[in-house]
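Okay, so the sequence shown: first residue is 1 according to UniProt numbering, each after it adds one. Cβ coordinates follow ideal geometry from the N, Cα and C atoms, glycine included. For reference, the structure is listed below as C-alpha cells.
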Amino acid sequence: MTEYDEFAEALIDQLAVEINEEKENSDLASKIDEDSSFNLTFDSLENASNEIFPWVKNQIKDFTELTVPETTKIKFPELIELKKLKGKRIFTTDDAREFVDSLVEAISKEDVGKISSLMKQDTVKYLVYSTYAKNYISKISVTFGDYLEDTIYLNKLFFSILPKIKLYSQGPPFESGYEKIKSSYIGAVKMTMLEESIHAIQHGLYKSNKEAVKKVNEVYEDLAKIILDLDDSTLSKIFDYMNLDPVPDEFPIAKRANLYFVLNPEYFILGTLPPDQMATKEGQIDTKLAEMIPQLPEIYRRWLKPRQQQHAAMTVIQGMASFAIRNILKDDSDFKNYLSVFKGTDLGSFMAQKNMGINFAETIYGKLGKEAFKKLIDEPPDTLELKDSQLYLKRITG
C-alpha cells in the first residue's frame, strides 16, 4: 500500500460515522416501508415545499421589504448528487475546480483508489481541499438544504425518511403521534425554505464571500507548495524546533502534510485569537520559524485581508437569516413542533441563542427597521464594525 492509499483510506475512515448513519437510516426507512402495521404517509417534499414557497416569499417581503428573485428554483437532489453539490460550495481557485469536483465525487462514492490517484496527481490541491470536502460531506446527515446560484436544494433523503423514522420509533398506535410529527416536518420545511430563500436575496454578500474564499484558497495552495518543497533537513529542524510529534522518514508526504496543517493560518493564527478578534490583529510569526521558512510572513500577510472579508460576509449572511427566521416563525405552531420533535428544545431556548451575527443584525434592525436588510447587503460591515455596531451605523448614516 502506498502512502497515497493510506491517506485515502484514512479520509474515508474519518467519514465512517456519517456514512454508517446514512446507511442505517436508509435501511430503517426500508424496514418501515415493509411493515404492514405502519401505513401512514407524509406529504412529499416536492408538494410540501411548492405549497410553502409562496408563503415564504410573502413573509420575507413583509419582514425585509426585499423580494426573492423570480428566477429562484427548488430542486431535490438524491444523496450522491447532494454531496457533489456540497463540493460546488468549495470556492476554489480557477484551475482547481475540476480537481475538487473529481475529489468530492470520489469521496461520495467511497472510491479509495480514485482518491489516492487524485492525491498523487496533485498533492498540493489534495492538502488544501480534502479537508473542505470531508467537513462539508460529514455534515450531510444534518443538512436540511442549501442555496447555490439561483437554486434552493433540499435534502430529499433527510426529509423523506426522518418524519417516518421519528413516528415509527414512538411505537404503536402510530396514529397518536402522527399529527405532531406531520406538523414538525412542515415546520422543518418552512424553516429551511425561509433560510435558503433569505440567502437568495443576499447576492452581494454571497459574491463577496465567494471571492474572498477563492483568495484564501490561493494562499493555502501556495503554502502547501512551500511546505511540500522543503528539503528533509529543514523539515526535521522545523519539527524539532516546534516540538511536533515525530513522523517516520518513510512517510515524507505525511510529515509535510502534518506541518502544512500546523502552519495553516486558519489554525496557526486563529488558534491564538478570540473569534471576535480573529481578523483585527496580525499574528506574530516566530523569528526563528520565519528564518527556516522565509515565505511564511508574506503568506500570513496575504491571507489576512480576504479572511477578514470572508468572516464579515459569512457572519452577516448567517446572522441576517437567523434573525429573520426567529422573527418570522416565532408564533408558528409547526416551527414550535419542529423544535420540540426534531431538535429537542423549545422556542424560548431557541430565541435566547445569541452570536455575533444575530446580535449585529438585531442591533441594526433596531435602528433602521426594515431598511436594515438592504443596507446590510449593499453596504456590508467590516470586522471592526461587526464588533462595534455604532461604527457601522455612523458610516452608513453619515
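Partner residues in the beta bridge of D146, as assigned by DSSP, are Y153. Per the coordinates, the alpha-carbon of P297 lies some 13 Å from the alpha-carbon of D222. Counting the other CB atoms within 10 Å of its CB gives K182 a total of 16 or more, which places it among the buried residues. Between T2 and T192, the alpha-carbon positions lie close to 43 Å from each other. For N243, the number of other beta carbons within 10 angstroms of its own is below 16, and it is reported as exposed. Within a 10 Å sphere around the beta-carbon of D146 sit 16 or more other beta-carbons, which makes this residue buried. A distance below 6 Å between beta-carbons, with the five flanking residues on each side excluded, links F261 to no residue of its chain. Comparing alpha carbon positions, the residue from A16, E196, Y300, L289 closest to Y267 is Y300.
At a cut-off of 4 residues, the continuous stretches assigned as alpha helix (DSSP H) that sit fully inside the region 173-237 are 175-200, 203-228. Closest in alpha carbon position to I12, among I201, I358, V112, D378, is V112.
Scanning M351, N209, S340, K305 for the CA closest to the CA of A324 turns up M351. In the DSSP assignment, I74 is bridged to I152.
Excluding residues up to 5 positions away in sequence, E65 lie with their Cβ nearer than 8 Å to the Cβ of E371 in the same chain. When the alpha-carbon of K134 is set against those of E149, I115, R302, Q121, the nearest one is in I115. Within the same chain, K210, V213, K214 come within 6 Å of F91 by CB-CB distance, once the 5 residues on both sides are set aside. Residue state for S322 is assigned as helix, using DSSP reduced to three classes.
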